[in-house]
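*Asks:*
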DNA sequence: GCGACAG
DNA sequence: ATCTTGTCGC
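In my numbering, the protein residues as written are 3 to 223.
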């Protein structure tokens, strides 16, 4: 797929923060897409003591969840891991991998937060804005916010609150396992995002998209 | 100032 | 994220 947006990568945290505050205005928090036929899972891994960043993208047919295509990109790591600035570390490699795809995904499921972020611009929101493809943040733990206890059964969820605002949801994708944290990335509402995450999840805690991408990024095929 | 803190 | 095998539990 082609990525039209010209991307700027900051060299200081000050610049990065300003960029997040500027681009966060572009996030569309309501449903704005057509029929979803292809869903992409994205994951990033590190090698050689974190000096190499490897991004993996796997495109699945929706709703069958059959694998259609996959891509891998590797490049030198250029930004440290600092909570709140994950996208600057991982997105350069992710964009490389996305550009290799021969088909354009209709929806991106990204490891990490969407707008459940101090400046409402986590990695899923950043990726959505840069590609202009609908995206969802699917995180295994919280960056910011709190929530009430989530009932044990699969499908149950509770709002994730941060500074009086609902920024996402704690979602039980599998009974008796820790919830996942789902948030708006771009061009999708929270309710719809939760629905797509559930429809991409079968018998495990993580969505099939994420599981395929995890496996590919860690070199297990 | 102190503690928390996606991957 | 990553270092790492078998093992305990549903």
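Note that CB positions come from ideal geometry on N, CA and C, so glycine has one too. Since we're looking at a predicted model, the values are computed, not measured.
Could you check which residue in 31, 53, 63, 55 has the C-alpha nearest to that of residue 38?
*Replies:* In the first chain, the residue the question calls residue 38 occupies position 36. Here the closest residue by C-alpha is 63.
*Asks:* Any idea what DSSP makes of residue 149, helix, strand or coil?
*Replies:* What you label residue 149 is simply residue 147 of the first chain in a count that begins at 1. The answer is coil: DSSP assigns residue 149 none of H, G, I, E or B.
*Asks:* Measuring CB to CB, does residue 91 end up less than 9 Å from residue 82?
*Replies:* Within the first chain, residue 91 is the residue found at index 89, counting from 1. Within the first chain, residue 82 is the residue found at index 80, counting from 1. Yes, the Cβ-Cβ distance between residue 91 and residue 82 is below 9 Å.
*Asks:* Taking its Cβ as the centre, do 16 or more other Cβ atoms sit within 10 Å of residue 89, making it buried, or is it exposed?
*Replies:* What you label residue 89 is simply residue 87 of the first chain in a count that begins at 1. Buried.
*Asks:* Taking the CB atoms as reference points, tell me whether residue 41 and residue 148 lie closer together than 9 Å.
*Replies:* As a working note, residue 41 is residue 39 in the first chain. As a working note, residue 148 is residue 146 in the first chain. No, the Cβ-Cβ distance between residue 41 and residue 148 is not below 9 Å.
*Asks:* By alpha-carbon positions, which one of 87, 219, 8, 221 ends up nearest to residue 14?
*Replies:* In the first chain, the residue the question calls residue 14 occupies position 12. For residue 14, the nearest C-alpha among the options comes from 87.
*Asks:* Does the beta-carbon distance from residue 138 to residue 116 come in below 9 Å?
*Replies:* The residue given as residue 138 occupies position 136 in the first chain. The residue given as residue 116 occupies position 114 in the first chain. Against a cut-off of 9 Å, the Cβ pair of residue 116 and residue 138 comes out as a contact.
*Asks:* Please determine if the region 165-180 and the region 150-157 are in contact, where contact requires at least 3 C-beta pairs separated by less than 8 Å.
*Replies:* Verdict: yes, contact present.
*Asks:* Apply the 10 Å Cβ neighbour rule to residue 133 and answer buried if 16 or more other Cβ atoms are within range, or exposed otherwise.
*Replies:* In the first chain, the residue the question calls residue 133 occupies position 131. Under this definition residue 133 is a buried residue.
*Asks:* Kindly identify the DSSP beta-bridge partner or partners of residue 125.
*Replies:* Within the first chain, numbered from 1, the residue matching residue 125 stands at position 123. DSSP lists no partner for residue 125.
*Asks:* Please name the residue in 196, 127, 129, 122 whose C-alpha comes closest to that of residue 164.
*Replies:* Position 162 of the first chain holds residue 164. Ranking 196, 127, 129, 122 by Cα distance to residue 164 puts 122 first.
*Asks:* From which residue to which residue does the alpha helix (DSSP H) around residue 196 run?
*Replies:* Here residue 196 is taken as the residue at index 194 of the first chain, counted from 1. Looking at the DSSP string, the run of the alpha helix (DSSP H) that includes residue 196 is 192-201.
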